[in-house]
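Structure record follows, encoded as structure tokens.
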Amino acid sequence: SDEEVENYYDENSDLFTSYGVEKSDKPNVNVRHILIEPEADEDGEVSDEAWEDAKAEAERVLEEWKDGDATEDSFGELANQYSADTGSNTTGGLYEDVAPGQMVTEFNDWIFDDARQPGDTDIVKTTYGYHIMYYVSATENYYWRTTAESELRYQDYNNILSDITAKYTTVPTDKLDIPTPDAFKTIQQ
3 SDEEVENYYD ENSDLFTSYG VEKSDKPNVN VRHILIEPEA DEDGEVSDEA
53 WEDAKAEAER VLEEWKDGDA TEDSFGELAN QYSADTGSNT TGGLYEDVAP
103 GQMVTEFNDW IFDDARQPGD TDIVKTTYGY HIMYYVSATE NYYWRTTAES
153 ELRYQDYNNI LSDITAKYTT VPTDKLDIPT PDAFKTIQQ
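3 is the number of the first residue of the sequence shown in this note's numbering; add one for each residue after it.
Right under this line is the structure:
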């Protein structure tokens, strides 16, 4: 039950937090984004001018979306076309069931803002570049709850398996004076 899962999390909160699973009242979310990376020079350095160019490109792409259909689907098409994020640039920039703290700070802060509504868009700067954001929706999942429930179910499974094993395990054959076959001796004969 929900109560059992919450109690289990609370009783083991130190263990869960040591793994980075914090109890949060914020549900996971679905979000789309388009990453525009600043170009690095041959030494891997990114100049202020490269950052400015990336910002200008992000603004241009956002305007292209606004001037078009301005729908979630059209945003996804632009993500497939422009995003440098190889983790989502073939899925319309979609990240599903994102948990609090899963993304970099600025990205995380934007998607988990209490005022966020489906269809909200903006540009967010992170160390990776400029993200053109599209907030899809909150889910009904909470990462801490999903993790605690999975762990509780795993423990229940192990307890049931142990009980069954103990109930149906017989005496080892060596205690019954049954000779153990010896393939090596059989071949020599």
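Think of the CB as a built atom: it goes at the ideal place given N, C-alpha and C, for glycine as much as any other residue.
C-beta contact flag for K25 and Y11 at 8 Å:
As a first step, residue 25 must be located in the sequence shown, where it is residue number 23. As a first step, residue 11 must be located in the sequence shown, where it is residue number 9. Contact: yes.
Residues that DSSP places opposite Y145 in a beta bridge
For the purposes of this step, residue 145 is identified with residue 143 of the sequence shown, where counting begins at 1. Answer is none; Y145 lacks a bridge partner.
Inspect the beta-carbon positions of V138 and N30 and report whether they are closer than 8 Å.
The residue given as residue 138 occupies position 136 in the sequence shown. The residue given as residue 30 occupies position 28 in the sequence shown. Contact: no.
Per DSSP, what kind of secondary structure is R62 in: helix, strand or coil?
In the sequence shown, the residue the question calls residue 62 occupies position 60. DSSP places R62 in helix when its eight states are reduced to three.
Three-pair Cβ contact test at 8 Å for the stretch 97–113 versus the stretch 51–64
Proximity of the stretch 97–113 to the stretch 51–64 falls short of the contact definition, fewer than three beta-carbon pairs being nearer than 8 Å.
Give me the Cβ distance between R34 and G95, rounded to the nearest whole Å; I'm assuming they're in contact under 8 Å.
Along the sequence shown, read from residue 1 onward, the residue named residue 34 stands at position 32. Along the sequence shown, read from residue 1 onward, the residue named residue 95 stands at position 93. Contact holds; Cβ gap of about 4 Å.
Using only alpha-carbon positions, find the residue among D165, D55, D87, T123 that is nearest to S76.
Counting from one through the sequence shown, the residue named residue 76 turns up at place 74. That would be T123, whose Cα lies nearest to the Cα of S76.
Between T73 and S20, what straight-line distance do the alpha-carbon atoms span, to the nearest angstrom?
For the purposes of this step, residue 73 is taken as the residue at position 71 of the sequence shown. For the purposes of this step, residue 20 is taken as the residue at position 18 of the sequence shown. For T73 and S20, the distance between alpha carbons rounds to 40 Å.
Whole angstroms is fine: what's the gap from Q83's alpha carbon to E66's?
What you label residue 83 is simply residue 81 of the sequence shown in a count that begins at 1. What you label residue 66 is simply residue 64 of the sequence shown in a count that begins at 1. Straight-line Cα distance between these residues: approximately 12 Å.
According to DSSP, is R155 part of a helix, a strand, or is it coil?
By one-based count along the sequence shown, residue 155 stands at place 153. Residue state, collapsed to three classes: helix.
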